[in-house]
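Chemist: Pasting in a structure now, in structure tokens, and then I'll have a few things to ask.
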Amino acid sequence: MTDASRIIAGVILLTIVTIQFGGYFMTRIVRGQVPMTDFQKSFARAGHAHAGVLVILSLVGLLYVDQTNLTGPALWIARLAIPAAAILMSAGFFASSAGKGRTAPNQFLWVLWLGAASLAVGVVTLGIGLIVA
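Note that the working numbering has the sequence shown beginning at 21, numbered continuously upward.
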């Protein structure tokens with residue numbers, strides 16, 4: 021593993037503590053200790069789940085990125101776009117459902133879609149990089 025991928029993996033592993041805190045917060049939500057609409061509860065679950073899954077995918081991707089012949093911007097896209105998606109998609113779910121009594125997404129839904137685009141660009145770049153290596 022290259023030094024860059026190793027350092028990024030270390031930073032990603034440290035983010036798991038924030039996901040753990042999110043899990044604790046989710047237990048408070050499902051016990052009714054945090055008042056939320058059904059819409060907000062579903063977006064909180066989705067944001068938490070996407071964070072966890074995409075962080076794991078980010079770590080797996082870093083194992084693969086150093087097996088490609090990618091260089092320059094493509095290499096950095098393959099390394100960073102998936103972790104960026106973990107942040108953006110989760111933030112999009114949480115930010116777009118923020119506000120007392122909200123029953124539909126607010127204007128921050130675009131952050132979720134930016135994260136989805138980042139995920140698509142990252143996995144396509146990494147996938148092509150692995151195929152042509």
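Ideal Cβ positions, reconstructed from N, Cα and C, are used throughout, including at glycine.
1) Rounded to a whole number of angstroms, what is the C-alpha to C-alpha distance between residue 124 and residue 36?
2) Work out the CA separation of residue 112 and residue 65 for me, nearest whole Å.
3) If you draw a straight line from the alpha carbon of residue 29 to that of residue 61, how long is it in whole angstroms?
4) How is the alpha helix (DSSP H) around residue 37 delimited, first residue to last?
5) Give me the residue from 129, 69, 83 and 128 with the minimum Cα distance to residue 106.
6) Could you tell me the distance, in whole angstroms, from the CA atom of residue 42 to the CA atom of residue 71?
7) Looking only at its chain, what residues have a beta carbon closer than 8 Å to the beta carbon of residue 99, apart from the 5 residues adjacent to it on each side?
Modeler: The short version:
1) 28 Å
2) 12 Å
3) 30 Å
4) 23-50
5) 69
6) 9 Å
7) 24, 25, 28, 81, 82 and 85
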